[in-house]
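Visitor:
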Amino acid sequence: MATSTMRRLCLLKVSRKLARCSTAVQERCALHTSCMVSKAEDSSSSSVSGTSITSSAVPDNLIKGSMQPKTFTKAQKISRAMQAYMERAQSYDKMIKKEIDEYDIGKRHLANIMGQDPDLFEQEDVDRAIEYLLPSGIFAKKARPVLKHPYEVFPKRKAAQFALDGRPFHSMFYTGKPNFYSLLLNVSMKIEELKKQEDKLIRKGLLHEEAEKKLLLLGSEWITLPSLKDLTLEPLSEHDHKHFTVLLGRLTEHPLAFKEEEFIMKHRRKLMLQSFAEDVPKPMVDDQGRAYITASGKRKTSIADVTVWTKGTGKITINGQSIQYFSYITHREQILSPLQLTGRLGEVDVEATVEGGGGTGQSGAIRLALAKALASFVDTDTRERMRIAGLLTRDVRRKERKKPGQKKARKQFTWKKR
């Protein structure tokens, strides 16, 4: 009985405590609700009196615009990029048009000053007029006054490289140099195609017939870096130009490179061939009916006079002696090099007189004089080969002077710390 009574008392106490807690919670909730209602009434009254600005006084679109950042869709971004490009292109076209008009006006003024017809006044006439009217002693030619066509002065611009949907036209657009790398890819593909053709000819046993045909690159060289930039309209470096020439060199070294001659010559420029037709004298004829010619050459302090006779036996006379006048083999080889290149070794007689200098200078002077004399007996192509080999050009190198404080021109005394 006692234990049951104690249990009842404990349950009664717990129920009373729970009742008191629930009453306190209800009172706190009611107090919080009344505070919120009073704040809302105060704000509404202040808005009516004009002391504050509520959301009802500001348009909804301004509130939303100030709260949310402005965003553009992909199509809007692309259209904005195209619009910016079109604006730049239009401004460039306007500038070029203005410069062309000013150039035409300036050219007409120059023609009137020089007393010539403006319609027949060419760019060469403009350059001569500028040089005559505005003489300049400035050493750097780029700093001198000029009047050139705007297309020669201002760099060219590329056309739009992407469509309205944002996709680039070129597959190599993201390389940064699409035209340059597409050119390299084209060269590589041509090399692979020639390799396939070579394999077919090897299987058929016909390679030797095709290998007899050669690609002639004489009188031309690879285009320069500025020309390559103008061709691709892209900023290129010296490394890019070297990569370009090395790859095209591999193409020209292929046995079947003559099949791509048109493509290769597009990227080569012709050299200004120096014509020696006026400088080459005509041979004279002696009493025996043999043609002969006399020429002179210089090297360092040596001066040589050489006479060459056709229909000879290959006899070489130097100051009354044979070619053994020179004890060094290298000096003898220098004298024989023009005869070997022209294929006249053993067909002509040579008589040389040389004075001054040493063995190197005398052999160089005889070689130059002999090459000049042989140029009168060979055709134009052989003469051009001689020029490229350097046989028709005087060697202007001389011994470098000794420097004070040094043992020789370059060699220095042995350095000792103590």
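First residue of the sequence shown? That's 1 in UniProt numbering, and the numbers climb one at a time after it.
C-beta: ideal position from N, C-alpha, C; glycine also.
1. Do T232 and N179 count as a contact pair if the criterion is CB distance below 8 angstroms?
2. Would you list, in sequence order, the uninterrupted alpha helix (DSSP H) runs of no fewer than 4 residues that lie entirely inside the segment 344-375?
3. Could you tell me whether the segment 262-270 touches the segment 217-224, using the rule of 3 or more Cβ pairs below 8 angstroms?
4. Within its chain, find whatever has a CB closer than 8 angstroms to the CB of Y292; leave out the 5 residues flanking it on each side and keep chain order.
5. Whose CA, out of K399, R397, R398 and W415, lies closest to the CA of G405?
6. Straight-line CA distance for I335 to G314?
7. What would DSSP say about G390, mapped onto helix, strand or coil?
8. Within 10 angstroms of the Cβ of H239, are there 16 or more other Cβ atoms? Answer buried if so, exposed if not.
9. How long is the line joining the alpha carbons of I130 and L147, rounded to whole angstroms?
10. Helix, strand or coil, according to DSSP, for I202 in the structure here?
11. To test your reading of the DSSP string, which unbroken alpha helix (DSSP H) runs of 4 or more residues are found completely within the segment 105-150?
12. Measuring straight from C-alpha to C-alpha, what distance separates R410 and R397?
13. Mind checking S376: buried by the 16 CB within 10 Å criterion, or exposed?
14. Closest by CA to P150, which one among E261, K107 and A143?
15. Checking 8 angstroms against the spacing of the C-beta atoms, do T353 and N319 come in under that value?
16. May I ask you to report which of helix, strand or coil DSSP gives E221?
17. Kindly give me the distance between the Cβ atoms of I303 and E355, rounded to whole angstroms, as I take these residues to be in contact under 8 angstroms.
18. Does the Cβ of L218 have 16 or more other Cβ atoms within 10 Å, making it buried, or fewer, making it exposed?
19. Going by DSSP, name the residue or residues bridged to M284.
20. Please state whether DSSP places P178 in a helix, a strand or coil.
21. Given a cut-off of 8 angstroms, decide if L194 and H241 are closer than it, judged by their beta-carbon atoms.
22. Considering only C-alpha positions, which residue in the set E99, S296 and H243 is nearest to Q362?
Guide: Taking the definition as stated:
1. yes
2. 359-374
3. yes
4. P283, M284, V285, D286, T307, V308, W309 and T310
5. W415
6. 13 angstroms
7. coil
8. exposed
9. 7 angstroms
10. helix
11. 123-133
12. 16 angstroms
13. buried
14. K107
15. yes
16. strand
17. 6 angstroms
18. exposed
19. Y292
20. helix
21. no
22. S296
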